[in-house]
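Trainee: Protein chains in written order, with the numbering used here: chain A, 263 to 475; chain B, 263 to 475. Please find one structure pasted underneath; my questions will follow.
Number of protein chains: 2
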Amino acid sequence: MASSGIEARRKAALEVGSAAYLDRRAELIKAAANVFRERGHETTLRDVADALGTERASLYYYIGSREELLQAIVSEALDRDLAAARTIKRSKKSTPEKIRALISSMVLGYAEYYPHMNVYIEQIGRIARQESAWATEVIEETRKYEELVLGILRQGQKEGSLRDDLPVNVVSMALFGTINWMYRWYRPSYPETPEEIARTMAEIFLGGFAVKP
Amino acid sequence: MASSGIEARRKAALEVGSAAYLDRRAELIKAAANVFRERGHETTLRDVADALGTERASLYYYIGSREELLQAIVSEALDRDLAAARTIKRSKKSTPEKIRALISSMVLGYAEYYPHMNVYIEQIGRIARQESAWATEVIEETRKYEELVLGILRQGQKEGSLRDDLPVNVVSMALFGTINWMYRWYRPSYPETPEEIARTMAEIFLGGFAVKP
DNA sequence: AGATCTTTCAACACAGGAGTTGACAACAAA
DNA sequence: TTTGTTGTCAACTCCTGTGTTGAAAGATCT
Numbered sequence: 263m264a265s266s267g268i269e270a271r272r273k274a275a276l277e278v279g280s281a282a283y284l285d286r287r288a289e290l291i292k293a294a295a296n297v298f299r300e301r302g303h304e305t306t307l308r309d310v311a312d313a314l315g316t317e318r319a320s321l322y323y324y325i326g327s328r329e330e331l332l333q334a335i336v337s338e339a340l341d342r343d344l345a346a347a348r349t350i351k352r353s354k355k356s357t358p359e360k361i362r363a364l365i366s367s368m369v370l371g372y373a374e375y376y377p378h379m380n381v382y383i384e385q386i387g388r389i390a391r392q393e394s395a396w397a398t399e400v401i402e403e404t405r406k407y408e409e410l411v412l413g414i415l416r417q418g419q420k421e422g423s424l425r426d427d428l429p430v431n432v433v434s435m436a437l438f439g440t441i442n443w444m445y446r447w448y449r450p451s452y453p454e455t456p457e458e459i460a461r462t463m464a465e466i467f468l469g470g471f472a473v474k475p
Numbered sequence: 263m264a265s266s267g268i269e270a271r272r273k274a275a276l277e278v279g280s281a282a283y284l285d286r287r288a289e290l291i292k293a294a295a296n297v298f299r300e301r302g303h304e305t306t307l308r309d310v311a312d313a314l315g316t317e318r319a320s321l322y323y324y325i326g327s328r329e330e331l332l333q334a335i336v337s338e339a340l341d342r343d344l345a346a347a348r349t350i351k352r353s354k355k356s357t358p359e360k361i362r363a364l365i366s367s368m369v370l371g372y373a374e375y376y377p378h379m380n381v382y383i384e385q386i387g388r389i390a391r392q393e394s395a396w397a398t399e400v401i402e403e404t405r406k407y408e409e410l411v412l413g414i415l416r417q418g419q420k421e422g423s424l425r426d427d428l429p430v431n432v433v434s435m436a437l438f439g440t441i442n443w444m445y446r447w448y449r450p451s452y453p454e455t456p457e458e459i460a461r462t463m464a465e466i467f468l469g470g471f472a473v474k475p
C-alpha cells in the first residue's frame with residue numbers, strides 16, 4: 263500500500279478502531295471544542311493544531327475536514343441534550359415539576375458539556391443555512407426538541423397548572439433564551455454553581471421575580 | 263487630482279457630506295445589515311454588492327473595509343439601545359414598572375432596528391475578542407448597559423419589591439437571555455406583535471408562568 | 001460644447017487557509 | 001535484521017476573499 267493517501271489511511275484506522283487511535287481522536291475533538299469555544303468560527307485548523315502541540319497536517323490523520331470536526335463536536339452536544347429531554351418527558355412528574363427538571367437537565371448538561379454545548383449553540387445558526395443531509399438532520403432534531411418543550415407547556419395550560427393568557431410559542435422562546443444565553447456568560451469558574459443557576463431560572467420562570475402581594 | 267486613490271476620494275466625499283452621498287451610504291449600510299443578518303459572518307462583500315445590484319469594488323467608495331461596515335451597523339444598534347435604557351433609568355416609575363418599561367423598550371427596539379440589532383448580538387462575541395479601540399469601547403458600553411440593569415434589580419431587592427432569595431447576577435443574565443435570544447427567532451413576520459411579545463416576557467419575568475395557588 | 005466632479009467597474013496583487021503529497025522516524029512483528 | 005505499520009510533518013497546490021489601480025461612463029456646471 264502507498265505510504266500516503268492519508269484519507270484512505272484515516273478510514274482504515276477508523277475501521278480497525280484501535281483504542282489508542284480512538285483515544286487520540288477523542289482528545290483531538292475535545293481540544294478542538296475548547297479552541298472553537300474560545301475563538302469562535304474564525305478558528306483555523308492551525309489554531310487547533312497549536313493547541314494540541316502538533317502540526318496542522320497531522321490532524322488529517324484523524325479527521326477528514328474542518329467541517330467534519332465541527333460536526334463531531336456539535337453531534338456530541340445535541341445527542342446528549344435530546345436524550346435528557348426525552349427521559350423527562352416520559353417521567354411521571356407534574357407539569358411544573360417536569361419543567362423544573364427540564365431546566366435543571368439543560369443547565370447541568372450545559373455545565374458538564376461546556377465547550378461542546380457552547381459550540382453547538384454558536385454554530386446552529388450557520389448550520390441552519392447549509393443543506394447537507396447532516397445539517398438537515400441537526401435542524402430537524404433541534405426542531406423536535408422545541409416541539410417537545412412546547413408540548414409540555416401546552417399540556418400544563420390544558421390541565422390548568424400553567425397560565426393560559428400568554429402565547430405559548432413566545433413563552434417557550436423566552437424559556438430557551440434564558441437557558442441558551444448561557445453560552446455567552448457561563449464559564450466553569452462562574453461563582454454560582456450550576457445547581458444554583460438552575461434553581462434560579464426555574465424559580466423565575468415558574469414563580470416570577472416580583473414579590474407576591 | 264488623480265482619478266484613483268479611492269481611499270482619499272472616499273474621505274473627501276465623507277468630509278463634504280452631500281446629502282446624496284450620505285443617503286447612498288446609509289442605503290448601503292442598511293442593505294449590508296440585511297445581508298449580514300441573513301448570512302451571518304460568512305457574508306462576503308460580494309454578497310453585499312449583489313444585494314445592492316452593484317459591483318464589489320464600488321463599495322469602497324463608501325466604506326473603507328468590511329470591518330468598518332460591520333462597525334457602522336453595530337454602532338447604530340448599540341447607540342439606540344443605550345439611549346433608551348438611560349431614559350428609563352432616570353424615569354420616576356416604581357422598580358417593577360421600570361423593568362416592564364425596560365423589557366418593552368428592548369423588545370420594541372429589537373423589532374424596529376431588526377437587522378442591526380440582530381447583527382449586533384451575533385457579532386458582539388467576536389468583537390469581544392478584538393483589541394481595537396473601537397472594540398474596547400463597544401464592550402465597555404455593553405458592560406455599562408448590564409451594570410445599569412443590575413442596578414435596577416438591586417434597587418428593587420433593597421426596597422423589597424423584588425425577591426432577594428435569588429442571586430441578582432444570574433437573574434440579570436436570565437433577563438438578558440430571554441430578550442437577546444430573539445435574534446434567533448424573531449422576524450418581522452412573526453405572528454405575535456412586538457407589544458405582545460414584550461408583555462409576555464414582562465409577565466413571566468415579574469410574575470412567573472405557573473398559576474398562583 | 002468643454003471642463004470638472006461623481007460614481008462605477010474590470011482587472012490586478014496579495015494574503016491566508018484548506019486539503020494533499022510523499023516521505024520519514026519510531027516502534028513492533030517476523 | 002528485515003519488513004510492515006503507525007503517526008507525523010515539510011512542502012506543496014488550489015481557492016477564495018480583501019483591498020487597490022487606473023480608467024471610463026454619467027452627471028453637473030460654465
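Every residue gets a Cβ at the ideal spot worked out from N, C-alpha and C, and that includes glycine.
Using three-state DSSP, classify L424 of chain A as helix, strand or coil.
Mentor: Here residue 424 of chain A is taken as the residue at index 162 of the first sequence, counted from 1. Here L424 of chain A sits in strand by DSSP.
Trainee: Is N223 of chain B close to chain A, meaning its C-beta is less than 8 angstroms from at least one C-beta of that chain?
Mentor: Outside the displayed span of chain B (263 to 475) sits residue 223 of chain B, for which this structure offers no information.
Trainee: Need the endpoints of the alpha helix (DSSP H) that W447 of chain A sits in, please.
Mentor: Counted from its first residue, the first sequence places residue 447 of chain A at position 185. Unbroken alpha helix (DSSP H) run through W447 of chain A: 444–447.
Trainee: Mind pulling the chain B residues with CB within less than 7 angstroms of M435 of chain A?
Mentor: Residue numbering aside, residue 435 of chain A sits at position 173 when the first sequence is read from its first letter. Those within 7 angstroms of M435 of chain A in chain B are W443, W447.
Trainee: Considering only the beta carbon of each residue, do I291 of chain B and A334 of chain B sit closer than 8 angstroms?
Mentor: The residue given as residue 291 of chain B occupies position 29 in the second sequence. The residue given as residue 334 of chain B occupies position 72 in the second sequence. Going by C-beta atoms, I291 of chain B is nearer than 8 angstroms to A334 of chain B.
Trainee: Check whether the Cβ atoms of T440 of chain A and V432 of chain B sit closer than 8 angstroms, and answer yes or no.
Mentor: Working through the first sequence from its first residue, we reach residue 440 of chain A at position 178. Working through the second sequence from its first residue, we reach residue 432 of chain B at position 170. For T440 of chain A and V432 of chain B, no; Cβs fall outside 8 angstroms.
Trainee: Which word fits R299 of chain B, buried or exposed, when buried means at least 16 other C-beta atoms lie within 10 angstroms of its C-beta?
Mentor: Counted from its first residue, the second sequence places residue 299 of chain B at position 37. Classification of R299 of chain B: buried, given that the 10 Å Cβ count is 16 or more.
Trainee: Looking only at its own chain, which residues have a Cβ that is under 6 angstroms from the Cβ of R308 of chain B, when we skip the five neighbours before and after it?
Mentor: Taking the second sequence and counting its residues from 1, the one referred to as residue 308 of chain B is at position 46. Counting only Cβ-Cβ distances below 6 angstroms, and skipping sequence neighbours, we find R318.
Trainee: Looking at the strands, I want to know which residues DSSP matches up with A345 of chain A.
Mentor: On the first sequence, position 83 is the one that residue 345 of chain A refers to. Paired residue(s): none; A345 of chain A is not in a bridge.
Trainee: Check this for me: beta carbons of Y324 of chain B and R271 of chain B, under 8 angstroms apart or not?
Mentor: Along the second sequence, read from residue 1 onward, the residue named residue 324 of chain B stands at position 62. Along the second sequence, read from residue 1 onward, the residue named residue 271 of chain B stands at position 9. Their beta carbons are not under 8 angstroms apart, which means Y324 of chain B does not touch R271 of chain B by this criterion.
Trainee: Measure from the C-beta of H303 of chain B to each C-beta in chain A and report whether the shortest distance is under 8 angstroms.
Mentor: Residue 303 of chain B sits at position 41 when you count from the first residue of the second sequence. Yes, H303 of chain B lies at the interface with chain A (some Cβ there is under 8 angstroms from its Cβ).
Trainee: Beta carbons nearer than 7 angstroms to chain B: which residues of the stretch 266–297 of chain A have them?
Mentor: So nothing in the stretch comes that close.
Trainee: For a contact defined as C-beta to C-beta under 8 angstroms, what are the partners of V473 of chain B on chain A?
Mentor: By one-based count along the second sequence, residue 473 of chain B stands at place 211. Simply G422, S423, L424, R425.
Trainee: Give the range of the alpha helix (DSSP H) segment to which Q385 of chain B is assigned.
Mentor: In the second sequence, residue 385 of chain B corresponds to position 123, counting from 1. Per DSSP, Q385 of chain B belongs to the alpha helix (DSSP H) from 376–391.
Trainee: Can you list, in chain order, the residues of its chain whose CB lies under 8 angstroms from that of V336 of chain A, leaving out five sequence neighbours each side?
Mentor: Taking the first residue of the first sequence as position 1, residue 336 of chain A is located at position 74. If we look at V336 of chain A and ignore the five residues flanking it on each side, its Cβ neighbours are H378, V381, Y382, Q385, I386, I389, V400.
Trainee: Give me whichever residues DSSP pairs with L295 of chain A in a beta bridge.
Mentor: Taking the first residue of the first sequence as 1, we reach residue 295 of chain A at position 33. As written in the sequence, residue 295 of chain A is Ala, which differs from the Leu given in the question. Answer is none; A295 of chain A lacks a bridge partner.
Trainee: Along chain A, which residues have their Cβ under 8 angstroms away from the Cβ of I459 of chain B?
Mentor: On the second sequence, position 197 is the one that residue 459 of chain B refers to. Chain A residues near I459 of chain B: V432.
Trainee: With 8 angstroms as the threshold, decide whether the Cβ of M463 of chain B is near any Cβ in chain A.
Mentor: Residue 463 of chain B sits at position 201 when you count from the first residue of the second sequence. True, the Cβ-Cβ gap to chain A drops below 8 angstroms.
Trainee: Can you name the residues that DSSP bridges to A472 of chain A?
Mentor: Taking the first residue of the first sequence as 1, we reach residue 472 of chain A at position 210. Its beta-bridge partners are B:L424.
Trainee: Please state whether DSSP places P358 of chain A in a helix, a strand or coil.
Mentor: Here the question's residue 358 of chain A lines up with position 96 in the first sequence. Reduced to three states, the DSSP call for P358 of chain A is helix.
Trainee: Rounding to the nearest angstrom, what Cα-Cα distance links Y445 of chain B and E338 of chain B in this structure?
Mentor: Against the second sequence, residue 445 of chain B aligns to sequence position 183. Against the second sequence, residue 338 of chain B aligns to sequence position 76. Answer to the nearest angstrom: the Cα atoms are 16 angstroms apart.
Trainee: How big is the Cα-Cα spacing for G279 of chain A and A288 of chain A?
Mentor: In the first sequence, counting from the first residue as 1, residue 279 of chain A sits at position 17. In the first sequence, counting from the first residue as 1, residue 288 of chain A sits at position 26. For G279 of chain A and A288 of chain A, the distance between alpha carbons rounds to 12 angstroms.
Trainee: Just verifying my parser: in three-state terms, what is the DSSP assignment at Y283 of chain A?
Mentor: Taking the first residue of the first sequence as 1, we reach residue 283 of chain A at position 21. Three-state DSSP puts Y283 of chain A in a helix.
Trainee: Helix, strand or coil for T462 of chain A, going by three-state DSSP, please let me know.
Mentor: Within the first sequence, numbered from 1, the residue matching residue 462 of chain A stands at position 200. In the structure shown, T462 of chain A sits in a helix (DSSP, three-state: H, G or I).
Trainee: Would DSSP call S327 of chain B helix, strand or coil?
Mentor: As a working mapping, residue 327 of chain B is identified with position 65 in the second sequence. In this structure, S327 of chain B counts as coil in the three-state DSSP scheme.
Trainee: Output yes or no for whether 8 angstroms exceeds the beta carbon distance between M435 of chain B and W447 of chain A.
Mentor: For the purposes of this step, residue 435 of chain B is taken as the residue at position 173 of the second sequence. For the purposes of this step, residue 447 of chain A is taken as the residue at position 185 of the first sequence. Cβ distance < 8 angstroms, so M435 of chain B and W447 of chain A count as in contact.
Trainee: Quick check on this structure: which residue in A:E277, A:N296, A:R391, A:E421 has the alpha carbon closest to the alpha carbon of L331 of chain A?
Mentor: For the purposes of this step, residue 331 of chain A is identified with residue 69 of the first sequence, where counting begins at 1. Among A:E277, A:N296, A:R391, A:E421, the Cα nearest to that of L331 of chain A belongs to A:N296.
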